[in-house]
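Encoded as structure tokens, the structure appears first; notes follow it.
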Amino acid sequence: MKFVATAGNRVETVGVTEEGGRYRVQVGERVWEIDFRLTSPGIYSLLVDGVSYVAAVTEHDGSCLVDVAGETHAVRVEEHTRYVIRTRGAAGAGADGQRLAASLPGRVTHVAVRPGDRVQAGDTLLVIEAMKMENEFRASAAGTVAEVRVEAGQAVNAGDVLIVIAS
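If you number the sequence shown the way the numbering used here does, the last residue is 185 and the count never jumps.
Okay, here's the thing in structure tokens:
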């Protein structure tokens, strides 16, 4: 299974496969053999390539705070498809403004803007349900909504332009 882990500005694709009760984790060219056990709520015993670690994991603002060997790391982990929907389906700024396009097929569940609305970077534009997940799409830059090409309940295909925003 593929995941995307984000820590600060660093984004890594992580492949995880299970083999005989152990996990093989690949990040780029690096591969680790990992065995882990939940020893108490939020506390994991890890065996990584034969070296033992204890990790404390807590959730905070959509990320996991992972404390290992006295170092704490804030890591956001999401399923690869969800990451693709959230990032590549987001509006991209260009000379002609932004064009929000669907990255995967899904169904529009909510449209938050109308033509003429002024939006700021980070404002919610619409929500699409894809693969049983709700995915919120946000403006990547400020602008004015020029076109809304979809409505709630409408099915969309990958590549369909959903909203156009003028700079």
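Where a beta carbon is used, it is the ideal one built from N, C-alpha and C, also for glycine.
Bear in mind the structure is a predicted one, so any value in this text is a computation, not a measurement.
Check your understanding: Who does E36 pair with in a DSSP beta bridge?
Key -> For the purposes of this step, residue 36 is taken as residue 18 along the sequence shown, with counting starting at 1. E36 pairs with Y41.
Exercise for review: Just the C-alpha distance for Y101 and V137, rounded to the nearest angstrom, thanks.
Suggested key: Position 83 of the sequence shown, counted from the start, is the residue given in the question as residue 101. Position 119 of the sequence shown, counted from the start, is the residue given in the question as residue 137. In a straight line, the C-alpha of Y101 is about 23 Å away from that of V137.
Practice item. If I'm right that I181 touches E165 with Cβ under 8 Å, what's the distance once you round it to whole angstroms? Key: Here residue 181 corresponds to residue number 163 of the sequence shown, with the count starting at 1. Here residue 165 corresponds to residue number 147 of the sequence shown, with the count starting at 1. Yes, they are in contact, since the Cβ atoms of I181 and E165 sit about 7 Å apart, within 8 Å.
Practice item. Whole angstroms is fine: what's the gap from G60's alpha carbon to H98's? Key: For this step, residue 60 is matched to residue 42 along the sequence shown. For this step, residue 98 is matched to residue 80 along the sequence shown. Approximately 24 Å between the Cα atoms of the pair.
Practice item. Would you kindly check if the distance between the Cβ of Y62 and the Cβ of I52 is under 8 Å? Key: One-based indexing of the sequence shown puts residue 52 at position 34. One-based indexing of the sequence shown puts residue 62 at position 44. Cβ distance not < 8 Å, so I52 and Y62 don't count as in contact.
**Study point:** For T24 and A92, the rounded distance between their alpha carbons
**Key:** Stepping through the sequence shown from its first residue, residue 92 is reached at position 74. Stepping through the sequence shown from its first residue, residue 24 is reached at position 6. Going by the C-alpha atoms only, they are around 8 Å apart.
Exercise for review: Using only alpha-carbon positions, find the residue among V43, V29, T127, S58 that is nearest to N153.
Suggested key: In the sequence shown, the residue the question calls residue 153 occupies position 135. Cα-wise, what sits closest to N153 is T127.
Practice item. Could you check how far apart the C-beta atoms of R125 and E147 are, in whole angstroms? I think they sit under 8 Å. Key: Within the sequence shown, residue 125 is the residue found at index 107, counting from 1. Within the sequence shown, residue 147 is the residue found at index 129, counting from 1. The Cβ separation is near 5 Å, so the contact holds.
Exercise for review: Quick one: grab the DSSP three-state call for R132.
Suggested key: Indexing the sequence shown from 1 puts residue 132 at position 114. R132 falls in the coil class under three-state DSSP.
Review point. Taking DSSP as the reference, what is the three-state secondary structure of R100?
Key: Counting from one through the sequence shown, the residue named residue 100 turns up at place 82. In the structure shown, R100 sits in a helix (DSSP, three-state: H, G or I).
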